[in-house]
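All remarks here apply to the structure that follows.
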DNA sequence: ACAAAAGTGTTCCTTTTACACCCATGC
DNA sequence: GCATGGGTGTAAAAGGAACACTTTTGT
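The structure is reproduced here in structure tokens:
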């Protein structure tokens, strides 16, 4: 593989690479949150090179596209999902944010990589990166590896591996911003399937905020917010009262 | 004046212009808030050209400097103030954010402006701009015009003129973000002089949040927060009880 | 002594938290 | 019937809003 292709793939684009089409020194990093097994997870690609390089889904911004559009494009390519809930949360702009260290590590372990110096220089310059986080229904996502990825995995936020560059800081800030937005009480919509029980919703809250809620008070809070509709009961076969299913009101979100 | 100098001045730098030193297509826009006469004001430069062009203090990012550093540099140049409270709040990245319309309007009214095509092209490309807001003690600021400015004025947020580009949107978002941060109850520190009375602090809150507070409850709230120290009384000569002066505790901010 | 404005205390109400009870389900 | 978990009601506690009262200052 050539550096050219590497950069093209890193850009989130599978088409012919040409850095002329992108804004130089500006990138987008995405933190994709999913929720499964009462755990908050992040979609993390592992690069298909020697050495354990974990990164974040990222890419560049085309000249003719909005910043938000670019983030959406990157996300859709990776998740095969449209209409993703997406929030810009921070710009990472330290002067030492460049890919040189990463590339040196990568090339040391993978000497077969070659490519034009020009492309390499373009890529290892200092980059300012806009952080976006996304909330997705983990069951609907079909993780799509880029040409560079060995695999993409949902990793619990508590068990993240060492990430290249400032990935750890980016995720930490994303989590903080997400929690803040969660208080609006409509954001959870995006992490759950269409229908869910009150208990499932409560578990989501407990996971996100990392604190327990009382069953009855939680139910009262949600119902008072008037953001969910009650549907039919869900008979699980268990020897107890069947819980109602709920769905978020169509008007109260997006 | 040449376009070259115009761009140099716009960049917030008074030194010899060279766009090589800056990150291309990335700019910083600052919303500088001050507080005076029970009014929230923004420092707005008016450009020294024919036509009423009002802008925001802005500039570009040098290759070797952090994003935050760049914002601080721009702010210090304009206010002659160090240690400014500064917050990044949003990135404006729509694809149609370019200076071409503004430049056409400007050149139509000021045909004497000339300069190399190259510089012009650099400047009118699409720009992604990082928004920062600052809170300053309005009495300490000595507004410093750039070479381009006819004047710089503190304009009440309610009475803003038409700004070039998306200035209005930027200020609106800055105000929203500032109000949000204000809830931390330490931010007000930066808008007031060293010492102040409880009434002055209350008026600040009433201005920022645009709603009345009750005198006694407000006092209780602030004292309970434990963020201010009570100093000596301030005798104004008025025929009433002298109010205490307060100052923010040195530990509770920054 | 009085008016004006600052400081403090006290009650009332709303919201939040904690506890208790009842209801449905399958064995 | 009974164990299990879901739904609802109510009391206690906390927090906030409104009101009243006291203190200080210069005339």
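Residue numbers (full-length UniProt numbering), protein chains in the order written: chain A, 1 to 254; chain B, 1 to 254. Heads up, the beta-carbon is just placed ideally off N, CA and C, and yes, glycines get one too.
Partners in chain B for residue i, counting only beta-carbon separations shorter than 9 Å
i	result
residue 128 (chain A)	23, 26, 61, 67, 128, 130
Proximal chain A residues relative to residue i, where beta-carbon distance stays under 9 Å
i	result
residue 31 (chain B)	Neighbours of residue 31 (chain B) on chain A: none; closest Cβ ~16 Å, over 9 Å.
Whole-number beta carbon distance between residue j and residue i, since they are thought to touch under 8 Å
i	j	result
residue 163 (chain B)	residue 246 (chain B)	With 8 Å as the limit, residue 163 (chain B) and residue 246 (chain B) do not qualify as a contact, their Cβ atoms being about 36 Å apart.
residue 227 (chain A)	residue 136 (chain A)	Going by Cβ atoms, the distance from residue 227 (chain A) to residue 136 (chain A) rounds to 19 Å, so no, they are not a contact pair.
residue 105 (chain B)	residue 167 (chain B)	About 14 Å separates the two Cβ atoms, so there is no contact after all.
residue 208 (chain A)	residue 182 (chain A)	6 Å
residue 283 (chain B)	residue 66 (chain A)	For chain B, the structure presents residues 1 to 254; residue 283 (chain B) sits outside this window and is missing.
residue 169 (chain B)	residue 47 (chain B)	Actually they do not touch by this definition, with Cβ atoms about 19 Å apart.
residue 192 (chain B)	residue 204 (chain B)	6 Å
residue 132 (chain B)	residue 86 (chain B)	6 Å
residue 152 (chain A)	residue 43 (chain A)	6 Å
residue 173 (chain A)	residue 60 (chain A)	Actually they do not touch by this definition, with Cβ atoms about 21 Å apart.
Proximal chain A residues relative to residue i, where beta-carbon distance stays under 8 Å
i	result
residue 91 (chain B)	67, 88, 91, 130
Exposed unless 16 or more other CB atoms sit within 10 angstroms - verdict on residue i
i	result
residue 210 (chain A)	exposed
residue 238 (chain A)	exposed
residue 126 (chain A)	buried
residue 240 (chain B)	exposed
residue 83 (chain A)	exposed
residue 41 (chain A)	buried
residue 14 (chain B)	Below a pLDDT of 50, predicted positions are generally treated as unreliable, and residue 14 (chain B), at 40, falls in that range; no measurement from the model is reported.
residue 78 (chain A)	buried
residue 248 (chain B)	buried
residue 235 (chain A)	exposed
residue 180 (chain A)	exposed
residue 108 (chain B)	exposed
residue 116 (chain B)	exposed
residue 119 (chain B)	buried
residue 190 (chain B)	buried
residue 38 (chain B)	exposed
residue 225 (chain A)	exposed
residue 70 (chain B)	buried
residue 217 (chain A)	exposed
residue 17 (chain B)	Bear in mind that a pLDDT of 44 at residue 17 (chain B), under 50, signals an unreliable position, so the number given afterwards is only what the model happens to contain. The residue is buried, with at least 16 neighbouring Cβ atoms inside 10 Å.
residue 96 (chain B)	exposed
residue 139 (chain A)	exposed
residue 270 (chain A)	Given a span of 1 to 254 for chain A in the structure shown, any question on residue 270 (chain A) remains unanswerable.
residue 212 (chain B)	exposed
residue 29 (chain A)	buried
residue 80 (chain B)	exposed
residue 112 (chain A)	exposed
residue 25 (chain A)	buried
residue 201 (chain A)	buried
residue 45 (chain A)	buried
residue 161 (chain B)	exposed
residue 134 (chain A)	buried
residue 143 (chain B)	buried
Residues bridged to residue i (per DSSP)
i	result
residue 247 (chain A)	A:229
residue 36 (chain B)	B:39
residue 134 (chain B)	B:32, B:86
residue 58 (chain B)	B:29
residue 343 (chain A)	No answer is possible for residue 343 (chain A): it lies beyond the span of chain A, which begins at 1 and ends at 254.
residue 74 (chain A)	According to DSSP, residue 74 (chain A) bridges with nothing at all.
residue 126 (chain A)	A:98
residue 92 (chain B)	B:129
residue 45 (chain B)	B:152
residue 22 (chain A)	A:62
Chain-ordered chain A contacts of residue i [CB-CB under 7 Å]
i	result
residue 95 (chain B)	64, 65, 66
Proximity test, residue i beta-carbon vs the ligand GDP heavy atom, cut-off 7 Å
i	result
residue 208 (chain A)	The model on display carries no ligand, and the ligand GDP is accordingly not part of it.
Every unbroken beta strand (DSSP E) inside the segment 148-191 of chain A [3 residues or more]: 149-156
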